[in-house]
Amino acid sequence: MKARVAAVVLMAGMAGTLHAQSLFMREPAPPASENELPRDPAGPLAGVSLMAVQAPKPKTYAVHDQITIVIDENSKQTSDQKLDTKKDYSIKAALEKFPSLEKLLELQVENGDTTSQADLGVTGNNKFKGEGKYEREDRFVAKVTAKIIDVKPNGVLVLEARKTIASNEETQTYILAGECRREDVTTSNTVLSSQLANLTLIARNEGQVKDSSTKGFIPRLLEAVFGF
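In my numbering, the protein residues as written are 0 to 227.
See below:
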């Protein structure tokens with residue numbers, strides 16, 4: 000009898016334990032309120048699992064914080080134009096009778112001698128053919144540290160950067176501005192230039208290299224005069 004009672008008590012205890020550990024017998028969790036922040040899916044497993052990895056908390060940014068921008072921009076321009084014009088014209092005139100000069104001086108027009116006849120003929124043609132082609136390809140690769148000048152209410156960061164490099168009387172100036180999402184900034188505090196909205200990228204070179212690659216006044220004048 001005592002053995003039967005002990006078995007019943009043991010089975011009741013095991014049923015309670017199984018009820019607590021069963022996924023099908025647990026009561027549903029209360030619904031989250033509207034003001035409650037979304038929970039981390041890996042949160043319940045963080046205390047019991049060695050493989051659970053918690054998502055990093057989103058980083059907050061403020062004005063004057065710095066972010067490194069990795070610039071890798073390709074630009075290719077191609078323009079092809081062709082013009083072909085042709086114009087032919089022909090003019091022919093004949094004067095069968097000459098007016099009398101004596102009557103013409105007296106303001107009287109009468110037909111004169113008809114033995115001679117004057118013919119006038121003009122024939123001409125004009126043809127022009129021109130062809131032009133322009134092709135340019137540029138690639139700009141660099142790293143520049145930008146400063147946050149504004150943080151939008153939706154978390155969008157407004158960045159602005161300016162970098163100047165001077166070497167051997169050569170000066171290179173880079174000016175960059177754009178907007179990026181906070182989620183696009185990596186854990187290394189970098190963002191790609193392709194992820195920037197409203198991107199403005201200006202590169203200016205000053206020095207002897209730029210001066211040597213610029214046409215002088217006389218070549219530009221000759222091209223303007225004889226370009227056609």
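Backbone N, C-alpha and C define an ideal beta-carbon position, used for all residues, glycine too.
- Linking residue 176 to residue 149 through their CA atoms gives a straight-line distance of about 12 Å.
- Scanning its chain for C-beta atoms nearer than 6 Å, with the 5 sequence neighbours on each side dropped, one finds around residue 201 the residues 174, in chain order.
- The Cβ neighbour count for residue 196, taken over all protein chains shown within 10 Å, is under 16; the residue is labelled exposed.
- The beta carbon of residue 161 sits closer than 6 Å to those of 174, all from its chain and outside the five residues before and after it, given in chain order.
- Residue 79 and residue 128 do not touch by the CB rule: their CB atoms are close to 15 Å apart, not below 8 Å.
- Annotated three-state conformation of residue 53 is coil, per DSSP.
- Inclusion of residue 145 and residue 158 in the CB contact set at 9 Å is warranted, their separation being smaller than that value.
- Shown here for residue 180: same chain residues with a beta carbon closer than 8 Å to its own, the five before and five after excluded, namely 154, 155, 156, 194 in chain order.
- With 16 or more other Cβ atoms from the protein chains shown falling within 10 Å of its own Cβ, residue 192 counts as buried.
- Pairing residue 136 with residue 76 gives a Cβ-Cβ distance under 9 Å.
- Under the three-state reduction of DSSP, residue 180 is assigned to coil, being neither helix nor strand.
- Take residue 138, set aside five residues on each side of it, and the residues of its chain with a beta-carbon closer than 6 Å to its own are 73, in chain order.
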